[in-house]
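Here the protein sequences come in this chain order: A and B. If you count the first sequence from 1, position 60 lands on 60 in the working numbering, and the numbers rise without skipping. The working numbering runs 1000 ahead of the 1-based position in the second sequence. The beta-carbon is built from N, C-alpha and C at its ideal position, and this holds for glycine as well. Keep in mind that this is a model prediction, so the values were computed, not measured. This report concerns only the one structure given below.
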Amino acid sequence: MAEILNLIPSFRRIAMGAGLFLVLAAPSLREVLEQDMTRHMLIQLPFLVLAGWLLIPAAAASCRFVVIWDRFGIAGILTANLAAAYWMLPRSLDNAIALPVFEIAKFISLPLLVGVPLGCCWPRMPMLGKGFVMANVVSMLGIAGWLYLAAPVRVCVFYLSDQQEAVGRLLLCLAGAISLAVLFCAFVGFRPSAARTA
Amino acid sequence: MMRSLFLALTVAVIAMAVFGSATEGFRVFTTEGARRYAVEQAPHQLPAVTLEDQDGRSFSLDSLQGRVVLIEFIYTRCPTVCSALGDVFARLARALPGTVLLSISFDIEHDGRAELRRYADSHGADGDEWRVARPVHGQDLGPLLDGAGVVVIADGWGGYQHNAAVHLLDRHGRLVRILDFDPLSVLIDEVTPWLKS
């Protein structure tokens, strides 16, 4: 019973998640964000993921069903990883602009298949797994950024070549920033659990 | 433990299937790649729109059947890609006699006969084997671009960016290949077999 009660999310968190989702889905904001490749990839997509993350209660991570079926959170993180990778395909990004079906799929899959599993599984993942995922994220961002900068052609038919270059540079910056943050945590020693109990 | 493994494997298998279908079996990753692959797999006719060339002659795209046709989409003010495409067509005209070369402008607001004429003169289009044209009716432009799968977007400086490619129509008027214009030797090798058939 306690478990079920725990599953009910704090009202504020779910309201924030739902509110964020609705704001992102507003036609005028959608148009503004999707007009530009940087805004589309580095604002709209991550915020859709964040909306999903907010919608899932913290207690869901320790729910029995989730623990039995996904012991270390590997399947969940794998789902999040692959669903996110799908929307990194240039063709998917174009399709989301050209075809309403793909746009709807994007708005459903990013919160549900990336945000929710991340919120659910990341806390349960062993340190080794987390390190593996982080290393992959950094190298993926680095390679994608480098490709976008070096590509002789536009990869998306709906975006200009200078927008593609801007995204490439930002992806490289992001990879650098994440690496620095990881190094900072490792050597300066920021521990979320210590901070919470303090 | 087995259940977790089973779930992870299921996720991986589903993801493989989704990625496979999204990339036509891991062949294409961009819309441009998908457009070229689709044409290779299933050639189709372009809409039979009426065009008008630099000499003011009207002709239907249909009327070119029986010849191998190479089409590029351009706008005459274009400082970069279209200019390069123009040079490519000038060299193709010499390398592949017998083909019809067609430069079609999608900037019908700006490109009238005078502009087409100027583009033709500056690149050496003779108006016979190589014609610079535009759709006569504005409403024909959309279907023509859609038929070829060309997307034109404004670049914010009054110009456009668009898929830069050479579109090959076979003798039956079907769009059979969409090719890069660079390197030229590869383009010539790709077109040559269609001239013999």
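Residue i, buried or exposed, once every other Cβ within 10 Å from all chains shown has been counted against 16
i	result
N95(A)	buried
N136(A)	exposed
R91(A)	buried
K106(A)	buried
G17(A)	buried
H40(A)	buried
T1192(B)	exposed
I1014(B)	exposed
G1020(B)	exposed
F11(A)	exposed
L183(A)	exposed
R1003(B)	exposed
P152(A)	exposed
A80(A)	buried
S1185(B)	exposed
F1006(B)	exposed
H1172(B)	exposed
Beta carbon of residue i nearer than 7 Å to that of residue j
i	j	result
F1029(B)	L89(A)	yes
V114(A)	A150(A)	no
G142(A)	A175(A)	yes
I1071(B)	H1162(B)	no
V116(A)	I56(A)	yes
A1164(B)	V1081(B)	yes
I1178(B)	V1039(B)	yes
V138(A)	I178(A)	yes
Y148(A)	Q163(A)	no
L1121(B)	Y1075(B)	The amino acid occupying residue 1121(B) in the given sequence is Asp; Leu does not appear at that position. No, the Cβ-Cβ distance between D1121(B) and Y1075(B) is not below 7 Å.
C156(A)	L110(A)	no
C121(A)	I77(A)	yes
Cβ of residue i within 7 Å of any chain A Cβ
i	result
V1166(B)	no
Q1161(B)	yes
V1205(B)	Chain B is shown from 1001 up to 1197; residue 1205(B) falls before or after that span and cannot be answered.
D1155(B)	yes
F1029(B)	yes
R1003(B)	yes
V1011(B)	yes
L1145(B)	no
V1152(B)	no
A1038(B)	no
L1061(B)	no
A1114(B)	no
A943(B)	This structure cannot settle anything about residue 943(B), because the visible part of chain B is limited to 1001 through 1197.
A1015(B)	yes
D1189(B)	no
A1008(B)	yes
Rounded distance between the beta-carbons of residue j and residue i, thought under 8 Å
i	j	result
A1017(B)	Y86(A)	The pair is not a contact, with the Cβ atoms about 12 Å apart (cut-off 8 Å).
D1062(B)	R1131(B)	15 Å between Cβ atoms; not a contact.
P1047(B)	V1176(B)	P1047(B) to V1176(B), Cβ: 16 Å. No contact.
D1035(B)	G1127(B)	According to the sequence provided, residue 1035(B) is Arg. The question's Asp does not apply to it. About 30 Å separates the two Cβ atoms, so there is no contact after all.
Neighbour flag for residue i against chain B, beta carbons, 7 Å
i	result
R39(A)	no
I74(A)	yes
E3(A)	Confidence in E3(A) is poor, its pLDDT being 46 and thus under 50, which makes the residue's placement unreliable; the coordinate value appears in the next sentence. Taking Cβ atoms only, chain B never reaches closer than 7 Å to E3(A), which makes this a no.
A194(A)	Reliability of the predicted coordinates at A194(A) is poor, the pLDDT of 47 falling under 50, and the value obtained from them is presented with this limitation in mind. No, no contact with chain B.
L78(A)	yes
Heavy atom of the ligand PLP within 6 Å of residue i beta-carbon
i	result
L141(A)	The ligand PLP is not part of the structure shown, which contains no ligands of any sort.
Under 8 Å from the C-beta of residue i: neighbouring residues of chain C
i	result
A1022(B)	This model lacks chain C altogether, as its protein chains are A and B.
Discussion item. Please identify, using Cβ separations under 8 Å, the residues of the region 140 to 166 of chain A that lie next to chain B, in order along the chain.
Written reply: V153, R154, V155, C156, V157, F158, Y159, L160 and S161
Practice prompt. Give, in chain order, every residue of the region 57 to 72 of chain A whose Cβ lies closer than 9 Å to some Cβ of chain B.
Written response: Residues are counted here when their Cβ sits less than 9 Å from a Cβ of chain B; for the region 57 to 72 of chain A these are I68, W69, D70, R71 and F72, given in chain order.
Practice prompt. Could you list the residues in the region 82 to 100 of chain A with a C-beta less than 7 Å from some C-beta on chain B, going in chain order?
Written response: L82, Y86, L89, P90, R91, S92 and D94
Item to complete: Return the residues of the region 1068 to 1097 of chain B that lie within a Cβ-Cβ distance of less than 7 Å from chain A, sorted by chain order.
Response: none
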